[in-house]
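A.B. asks: Could you have a look at this structure, given as structure tokens, before my questions?
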Amino acid sequence: MTSEYIKPIPIIQTWTEQFWKAAKEHKLLIQVCEDCQTRIFYPKKVCPECWSSNLTWEEASGKGKVYSFSVMQDMVEPKFWADIPYVLAMVDLEEGIRLMTRIVACDPEAVEIDMEVEVVFEDITKDCALPFFKPAA
Amino acid sequence: MGEGLAIIGIGEVPTAIMPERSRWDILYEICLQAVRNAGIDKNDIEGVITVAPQAQPRLSAEISFGKLPEELGLKGCRDVCICNAGGASTSNCIRMAEQWIESGLARIVLIPHVTVHSSIPLEDLINFFATAGIDLQWEYPFGTTYNGILAMMTRRYMYETGTTEEEMASVVVALRKWATLDPNSFFYGKEVPTIEKVLSSGMVSSPLHKRECNILADGGGALVVTSRKLAAQITSTPVYKLGESARFFSAFTMTRDNDVVGEGFRDATHEALDQAGLSKKEIDIWNIYLAYPVGHPMLMESIGLCEKGQAGKFFREGHTWPGGSLPWSTIGDAIGRGHTGSGVSMATYVETARQLMGQAGQRQVKEAQYVFQNTSGGSGMNFIATVWGREIP
């Protein structure tokens, strides 16, 4: 699988390693500032609210709602051709942060704004998994 | 604003897919045109501030290190520089020119832009556009593209306002109505598609159809700017910068909310108008550069030119077309012009000046006195609002 994966792999920073390590174990983490309790996304080196370096992680419930989405059908890079059609989406987590993701495990035509979804991890290489979402059970 | 700034000369080549027309062909053409249009001598140019070429590293290096005044023999040139803020670069070139002029460093400044997409190797083009304004860690691995993020913004806007796909398509129709009259447009003289044709052009990223996305093309334009005082002595058609404001939103779409963008549109617009001492009613042309259709109704509603959810209807009824009550994007934005990287903002400034100089041909808005114009960079990271006039109110 590793040698065949031609799509882009996240370019990880030292302060985001934890997030991706957890993702590999199929856990979705949210970075939290211990000083001002801000939930931070995407993860930063210091808190973007108060510039504190006291940052920690909490596990997200993995539940959220679709903020918006697009069914990608044409004019994508050749490396994504095999995926067409795929549902690119922004999902608002219960914890109040928004991520870019994909909606999977359902008919693209069935996706709607505000649809309830839950995280499902896609192992793309032996070292990396991406948080996708599927319709909530 | 101290002495203030004015545009006195413009130059432009047609936007087209023409790999045989080199970057330096274009640079020569636009700079010669702009200097001649201003009615000055080449050696009157005392500064050159160039829009940073996107995805063209060799040209970028050449221009950064002074090749332009060298090529053109600008013997009066005192300094050169390049400005990069993506699609908002031209606005920053103008700001910097204003500072050079006010400080006395240069009295007259040349601001060129050139992009030749058609000779960039496809892989470089993809690498650049796939990752400019799209985060490599949190967006790109999911298959995020420019069309994709704008599609998501469009869907959210339609959901929040009840705007229909026919109304969204009518924005393209309106922009192309202007483009077909513009000799420098990719779509000059071409048939304007109907709403039905836009909607049958094939889905790219739902809800965006092919004709609601941009065509990458080559182009270039240039401005000659100076102080208000000198402008009035040099030309009978000076175009005065009257007001400016800006808002930064976010680098990436996932960290940007439609509501926050709407508020930024509104506040920056009103601040620029206040600085100009003008009201919305006094604006004769709204020269808007937002690259994709969705920004147009969003902006129109945010700044109170119509009620929320009514802009789509307004576009559909033809009020923004040539001859309509609200002339809007008189080169048809990137959708109507062809997308030239950081160049559509230059094309929009050139058009603002052209209209106020009375040189806009078939697109000329009669007795245009004041123009509102915006630019925006990246994936919509910011909004720069400016107001321009034939006179100082």
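Protein chains in written order, with the working numbering: chain A, 623 to 759; chain B, 25 to 417. Positions of the beta carbon are idealized from the N, C-alpha and C atoms, including for glycine.
1. Tell me whether the beta-carbon of A:Ile725 lies closer than 9 Å to the beta-carbon of A:Arg661.
2. What separation, rounded to the nearest whole angstrom, lies between the Cα atoms of B:Arg340 and B:Gly404?
3. Assuming B:Thr277 and B:Met177 make a contact with CB atoms under 8 Å, what is their CB distance in whole Å?
4. Taking the straight line between their C-alpha atoms, what separation do you get for A:Glu734 and A:Phe755?
5. What does A:Met619 touch in chain B if you count any residue whose Cβ is under 7 Å from its own?
6. Go ahead and pull the three-state DSSP assignment for A:Ile725.
7. Would B:Cys101 count as contacting chain C if we go by Cβ distances under 9 Å?
8. Have a look at B:Ile125 and A:Lys643 and give me their C-alpha separation to the nearest angstrom.
9. Could you check how far apart the C-beta atoms of B:Ala121 and B:Ile135 are, in whole angstroms? I think they sit under 8 Å.
10. Which residues of the segment 627-644 of chain A have a Cβ closer than 8 Å to any Cβ of chain B? Give them in chain order.
11. How do the segment 387-405 of chain B and the segment 294-313 of chain B stand: do at least 3 beta-carbon pairs fall below 8 Å, yes or no?
12. Does B:Trp162 pass the burial test, meaning 16 or more other C-beta atoms within 10 Å, or should it be called exposed?
13. Beta-carbon separation of B:Pro262 and A:Lys629 under 9 Å?
14. Is the number of C-beta pairs between the segment 214-222 of chain B and the segment 364-374 of chain B that are closer than 8 Å three or more?
15. Thinking just about the alpha-carbon of each residue, which of B:Met227, B:Pro93 and B:Pro417 is nearest to the one in B:Gly301?
16. Can you tell me whether B:Tyr264 is helix, strand or coil according to DSSP?
17. Could you pull out every residue in the same chain whose Cβ sits closer than 8 Å to the Cβ of B:Val248, ignoring the five residues on either side in sequence?
18. Quick one: what does DSSP say B:Gln334 is sitting in, helix, strand or coil?
19. Quick one: residues in its chain with C-beta nearer than 6 Å to the C-beta of B:Ser229, no 5 flanking neighbours on either side, listed in chain order?
20. If we cut at 9 Å on Cβ distances, does A:Ala711 have a partner in chain B?
21. Per DSSP, which residues does B:Ser366 bridge with? Please list them.
22. At the 9 Å Cβ level, is B:Ser260 part of the contact set with chain A, yes or no?
23. Per DSSP, which one or two residues make a beta bridge with B:Gly111?
24. Any beta carbon from chain A within less than 9 Å of B:Ser269's own beta carbon?
25. If I follow the unbroken alpha helix (DSSP H) through B:Trp352, where does it start and stop?
26. Mapping the DSSP letters down to three states, classify A:Tyr627 as helix, strand or coil.
27. For the segment 38-45 of chain B and the segment 92-104 of chain B, state whether three or more C-beta atom pairs, one from each stretch, are separated by less than 8 Å.
28. State the beta-bridge partners of B:Tyr394 as determined by DSSP.
29. Over the uninterrupted beta strand (DSSP E) stretch that includes A:Asp745, give me the two end residues.
30. Anything in the segment 135-155 of chain B with a Cβ closer than 7 Å to a Cβ of chain A? List those residues in chain order, please.
31. Using DSSP's beta-bridge definition, name the partner residues of B:Val222.
32. Report buried or exposed for A:Ile706, applying the criterion of at least 16 other Cβ atoms within 10 angstroms of its Cβ.
33. Along the chain, where does the beta strand (DSSP E) that runs through B:Phe166 open and close?
34. Can you list the residues of chain A that B:Tyr183 reaches, using a CB-CB cut of under 8 Å?
35. Kindly list the residues whose CB is nearer than 6 Å to the CB of A:Met623, restricted to its own chain and excluding five residues on each side of it in sequence; keep chain order.
36. Starting from A:Tyr570, follow the beta strand (DSSP E) in both directions and report where the run begins and ends.
C.D. replies: For this structure:
1. No.
2. For B:Arg340 and B:Gly404, the distance between alpha carbons rounds to 25 Å.
3. The pair is a contact, with the Cβ atoms about 7 Å apart (cut-off 8 Å).
4. Answer to the nearest angstrom: the Cα atoms are 13 Å apart.
5. What is shown of chain A runs 623 to 759, which leaves residue 619 of chain A out entirely.
6. Reduced to three states, the DSSP call for A:Ile725 is strand.
7. Here the protein chains are A and B, and chain C is not one of them.
8. Here the alpha carbon of B:Ile125 sits roughly 54 Å from the alpha carbon of A:Lys643.
9. Correct: roughly 6 Å between the Cβ atoms.
10. Within the segment 627-644 of chain A, the residues whose Cβ lies closer than 8 Å to some Cβ of chain B are Lys629, Pro630, Ile631, Pro632, Ile633, Ile634, Gln635 and Thr638, listed in chain order.
11. The count of Cβ pairs closer than 8 Å, one atom from the segment 387-405 of chain B and one from the segment 294-313 of chain B, reaches three, so the stretches are in contact.
12. It counts as buried.
13. It is not a contact, given that the beta carbons lie outside the stated cut-off.
14. No: fewer than three Cβ pairs fall under 8 Å.
15. Distances from the CA of B:Gly301 to each of B:Met227, B:Pro93 and B:Pro417 were compared; the closest alpha carbon is that of B:Pro417.
16. The answer is strand: DSSP assigns B:Tyr264 an E or B state.
17. Excluding positions up to five away in sequence, the list reads Ile31, Ile32, Gly33, Ile34, Ala58, Val59, Asn61, Ala62, Ile64, Ile69, Ile132, Val133, Leu134 and Ile135.
18. B:Gln334 falls in the coil class under three-state DSSP.
19. For B:Ser229, where only same-chain residues beyond five positions count, the Cβ hits under 6 Å are Asn171, Gly172 and Ala175.
20. Yes - at least one Cβ of chain B is within 9 Å of the one on A:Ala711.
21. For B:Ser366, which the question treats as bridged, DSSP gives no partner whatsoever.
22. No, B:Ser260 does not count as interfacial toward chain A.
23. According to DSSP, residue pairing for B:Gly111 in a beta bridge involves B:Ala109.
24. For B:Ser269, the nearest beta carbon of chain A is not closer than 9 Å to its own beta carbon.
25. Unbroken run through B:Trp352: none, as it is neither H nor E.
26. Reduced to three states, the DSSP call for A:Tyr627 is coil.
27. Contact fails between the segment 38-45 of chain B and the segment 92-104 of chain B, because fewer than three Cβ pairs, one in each stretch, are under 8 Å apart.
28. Note: B:Tyr394 sits in a beta bridge opposite B:Gly413.
29. Glu738 to Asp745 is the span of the beta strand (DSSP E), which, as asked, contains A:Asp745.
30. Listed by position, the residues of the segment 135-155 of chain B near chain A (Cβ gap below 7 Å) are Ile150 and Ala154.
31. DSSP output for B:Val222 lists no bridge partner at all.
32. A:Ile706 comes out exposed.
33. It is not in any beta strand (DSSP E) - B:Phe166 carries neither H nor E in the DSSP assignment.
34. Those within 8 Å of B:Tyr183 in chain A are Ser690 and Ile735.
35. Because the pLDDT of A:Met623 is 48, which lies under 50, any placement of that residue in the model is unreliable, and the question is left without a value.
36. The question about residue 570 of chain A has no answer here: the residues shown for chain A are numbered 623 through 759.
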